[in-house]
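Numbering (my numbering), first residue to last: 32 to 361. For each residue, glycine too, the CB sits at the ideal point set by N, CA and C.
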């Protein structure tokens, strides 16, 4: 009996691995079954061996078993575990210690049990094999016995959560007030849902992942952009290329990044070739030092006497500098 219990528990643990993708808890259902109650085959196996019983064709025949009827209640506990409660009635012949069959006559045997059915597949599948283990009680001729039902079965799931089930169980006596209380039951039944149909759970829609913003549309997400509201470049972590001298020409293009200049001269100031303080674009004499008054040209010397017109008192008549640019009168 210990080996049977260990085997049942091992199979039950393995069953929970299957069908997790199709999670479904079966609704309450009631059913009815017809079954055969067999005391003779277990007795022969226990007094000989399973091999001998099979080889010698000693499995109980239809005339050696008792037919019965059962009522059942099922309720899903998890995706692959159901509670099952059963009440069965039959009038079998029991086997005495000496192997003699003893008929209960018109007396009936009642058996009630509660079991856990461990399903290998969810009831979302058409075909669902299962194993079962539970506890129960047997009543006959005014006496009670405790039993441990261990079984295996198959369900064929139909429309509207109905099912046809076939099962077989080995009933192990815990206490017995009669000889050889070991027996088997083989049955077929039909079960239908109780109450309203269970609606399929709504499909879980995965949340739409949040789209990170790029406020300045520079191709760098705000989470990595140190200047999220001003377009920039990746080299400067989303900030614009710096313009150290604030001349409007960024440092990557500015050949004079620390001196304000103009784009025409690659960010450098407008040149002043003659270094007279007047840039070449405003200097009409860019290669000759001059003054702003004369657009960068030197002060004119109209009479070419070496005294510029501003110092020459006779700007149109040549004269020496010592005479203020006027001719010497002799």
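- Within its own chain, the residues whose Cβ lies closer than 8 Å to the Cβ of residue 291, once the five positions on either side in sequence are excluded, are 276, 277, 278, 300, listed in chain order.
- Around the C-beta of residue 346, 16 or more other C-beta atoms lie within 10 Å, and the residue is accordingly described as buried.
- Between the alpha carbons of residue 328 and residue 320 lies a distance of about 6 Å.
- Restricting attention to beta strand (DSSP E) runs no shorter than 3 residues, the region 147-231 encloses them at 158-171, 174-188, 194-204, 214-224, ordered along the chain.
- Counting C-beta atoms within 10 angstroms of its own C-beta, residue 144 has 16 or more neighbours from the protein chains shown and is therefore classed as buried.
- Secondary structure of residue 100 (DSSP, three-state): strand.
- If you ignore the 5 residues before and after residue 205, its C-beta comes within less than 7 Å of the C-beta of 177, 178, 179, all in its own chain and listed in chain order.
- Under DSSP, residue 242 shares a beta bridge with no residue.
- In terms of Cβ geometry, residue 185 and residue 221 do not form a close pair [threshold 9 Å].
- Ranked by Cα distance from residue 252, the first of 270, 55, 215, 62 is 270.
- If the five residues before and after residue 194 are omitted, its C-beta is found closer than 6 Å to the C-beta atoms of 186, 188, 222, all from its own chain and listed in chain order.
- Taking all protein chains in view, the Cβ of residue 172 is surrounded by fewer than 16 other Cβ atoms within 10 Å, so the residue is classified as exposed.
- The distance from the Cβ of residue 65 to that of residue 97 is about 11 Å, inconsistent with a contact at the 8 Å cut-off.
- Residue pairing by DSSP puts residue 64 in a beta bridge opposite 101, 220.
- Secondary structure at residue 56: coil, using DSSP grouped into helix, strand and coil.
- In the structure shown, residue 89 adopts coil according to DSSP, grouped into three states.
- Distance from the CA of residue 164 to the CA of residue 84, rounded to the nearest whole angstrom, comes to 25 Å.
- The shortest C-alpha to C-alpha distance from residue 297 to any of 190, 281, 142, 75 is the one to 281.
- In the three-state DSSP reduction, residue 142 falls in the strand class (E or B).
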